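Asks: This is the structure I want to talk about, given as structure tokens.
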Amino acid sequence: MGINIYAVSVQNEPENNNPTYPTCTMTPAIEGQIGASLRSLLNNNGLSSVKVVGYEHNWNDAGAYPVTLMNDDGGSYDGVAFHCYSGSVSNQASFHNAFPNKNIYFTECSGTYGSDWWSDIKWYMDNLWIGSLENFAEVGLMFNLALDGQGQPILPGSSSCGGGCRPIVTVNSDGSFSYNQEFYALAQASKAIIPKDAGGPWGKRIGVSVKGSLNWALRVGAYSTKRLSSSDWNRYALVVMNWNDNAASSWNPQPVTATIEFRGMQATYTFPVGVTTLWWFAAPNAQGLVLPDVGSEAPLLTNSTEAPEPRLGRNVTSSYYNNTKSGVALPANNGTSQRRKN
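Residue 1200, in my numbering, is where the sequence shown stops; the numbers in between run on with no holes.
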């Protein structure tokens, strides 16, 4: 009984000294000492499997603070965690290249009220639910699961999120609730990786590339989920964002027709502007290839980790939770998307 602890973070945002809510600044040296002591305590109390995670702050300092921490006390840490509020998600890859044996966790991001709905979806997919995984993140988390329409509750006097953090789900005082853009982005991504079997493994990202004249229009993540029984077929999934909306000048959403090739066989699918999640099942001993095509062009998305085999998966299924059809009207302009906590 009780809670099984997977990992412990030494300190949330050790470089944050915002005086309006509880913070605790730490140098890499201090965090390293605490991490070493914590690792020893865990090991000596039957908790050697619990991982210790360091840094847990923004992308912008990925080349400094966590690098120093790993160089000085890396033996105590499983890896480091990142937040989205400053810098680029690609900085995760820079850290990975320096410490390829350390795990990377993405553990916090929050939207704020008043931003543009579709711009937020695009940012989340590009940077978090596709982008952070491309840049070696093991997990992805948002800041708040449920708050009210003003971003409450919040500590009195806190400046966190400025005008209020926007949760995944807004819960009103009368018990009604509504899903925000964070929900739809997360739902599209999670559908591709949730275990197929109860207690089974989660999906893992597989390689993918895009070529062709409209390669910029499709932002794609590809995933494979293994099964508990070796006789059951693996699930292969694609998360595809079509952001061909011409939003820089005017709202003019354009669908993109794609040819999906898997083990030498093909199927055609037209992706509307929005996010689409597709999946199918196939024997686990060969690769999936994905070929979106535009007219005579054939942008290529390739899983390069396995050799092709001429067989199509069974039970081809598609799911699109949102695809811009959630009942929220899309704006006629690109708007401004903000992620802010401090």
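Glycine is no exception: its CB is placed at the ideal position from the N, C-alpha and C atoms.
Everything numeric in this text was worked out from a predicted model, so none of it was measured.
Can T1028 and L1005 be called in contact, C-beta distance under 9 Å?
Replies: Position 170 of the sequence shown, counted from the start, is the residue given in the question as residue 1028. Position 147 of the sequence shown, counted from the start, is the residue given in the question as residue 1005. Their beta carbons are under 9 Å apart, which means T1028 touches L1005 by this criterion.
Asks: Among all the DSSP beta bridges, which residues are the ones paired with M884?
Replies: Start at 1 with the first residue of the sequence shown, and residue 884 comes out as number 26. In the DSSP output, where bridge partners are listed per residue, M884 has none listed.
Asks: Classify G933: buried if its beta carbon has 16 or more other beta carbons within 10 angstroms, exposed otherwise.
Replies: To locate residue 933, count along the sequence shown from 1; it is residue 75. By the neighbour-count rule (16 or more Cβ atoms within 10 Å), G933 is not buried but exposed.
Asks: A1202 and V1131: beta carbons closer than 9 Å?
Replies: This structure does not reach residue 1202, given that the chain is present from 859 up to 1200, and the question cannot be answered.
Asks: Give the DSSP bridge partners of Y827, in chain order.
Replies: Within the shown structure, residues of the chain are numbered from 859 to 1200, placing residue 827 beyond reach of any answer.
Asks: Could you tell me the boundaries of the beta strand (DSSP E) in which N916 lies?
Replies: For the purposes of this step, residue 916 is taken as the residue at position 58 of the sequence shown. Element bounds for N916: 909 to 916.
Asks: Cα separation between N1201 and N1110?
Replies: Residue 1201 lies beyond the range of the chain shown here (859 to 1200); nothing can be said about it.
Asks: How long is the line joining the alpha carbons of P872 and W975, rounded to whole angstroms?
Replies: Reading the sequence shown from its first residue, position 14 is the one you call residue 872. Reading the sequence shown from its first residue, position 117 is the one you call residue 975. Computed Cα separation, rounded: 31 Å.
Asks: V1098 to P1113, Cα distance in whole Å?
Replies: Counting from 1 along the sequence shown, the entry for residue 1098 is found at position 240. Counting from 1 along the sequence shown, the entry for residue 1113 is found at position 255. Computed Cα separation, rounded: 12 Å.
Asks: Would you mind stating whether N949 and N918 have Cβ atoms separated by less than 9 Å?
Replies: As a first step, residue 949 must be located in the sequence shown, where it is residue number 91. As a first step, residue 918 must be located in the sequence shown, where it is residue number 60. Their beta carbons are under 9 Å apart, which means N949 touches N918 by this criterion.
Asks: Do A865 and V908 count as a contact pair if the criterion is CB distance below 9 Å?
Replies: One-based indexing of the sequence shown puts residue 908 at position 50. One-based indexing of the sequence shown puts residue 865 at position 7. In this structure, A865 lies closer than 9 Å to V908 by Cβ.
Asks: Confirm, please, whether the CB-CB distance from A1125 to N1092 is below 9 Å.
Replies: As a working mapping, residue 1092 is identified with position 234 in the sequence shown. As a working mapping, residue 1125 is identified with position 267 in the sequence shown. Against a cut-off of 9 Å, the Cβ pair of A1125 and N1092 comes out as no contact.
Asks: Under a Cβ-count criterion, where at least 16 other Cβ atoms within 10 Å of its own Cβ denotes burial, should N985 be classed as buried or exposed?
Replies: Start at 1 with the first residue of the sequence shown, and residue 985 comes out as number 127. By the 10 Å Cβ count, N985 comes out buried.
Asks: Rounded to the nearest angstrom, what separates F1035 and P880 at their Cα positions?
Replies: Looking up residue 1035 in the sequence shown gives position 177. Looking up residue 880 in the sequence shown gives position 22. Taking the straight line joining both Cα atoms gives about 29 Å.
Asks: Considering only heavy atoms of the ligand ADP, does any lie closer than 8 Å to the CB of M1123?
Replies: As presented, the structure is devoid of all ligands, the ligand ADP included, so that no description of it is given.
Asks: Please confirm whether N961 and E992 have their CB atoms less than 9 Å apart.
Replies: On the sequence shown, residue 961 is found 103 positions in, with the first residue counted as 1. On the sequence shown, residue 992 is found 134 positions in, with the first residue counted as 1. Against a cut-off of 9 Å, the Cβ pair of E992 and N961 comes out as no contact.
Asks: Say whether chain C places a C-beta atom closer than 9 Å to the C-beta of W1074.
Replies: Of the chains in the structure shown, none is chain C; there is only one protein chain.
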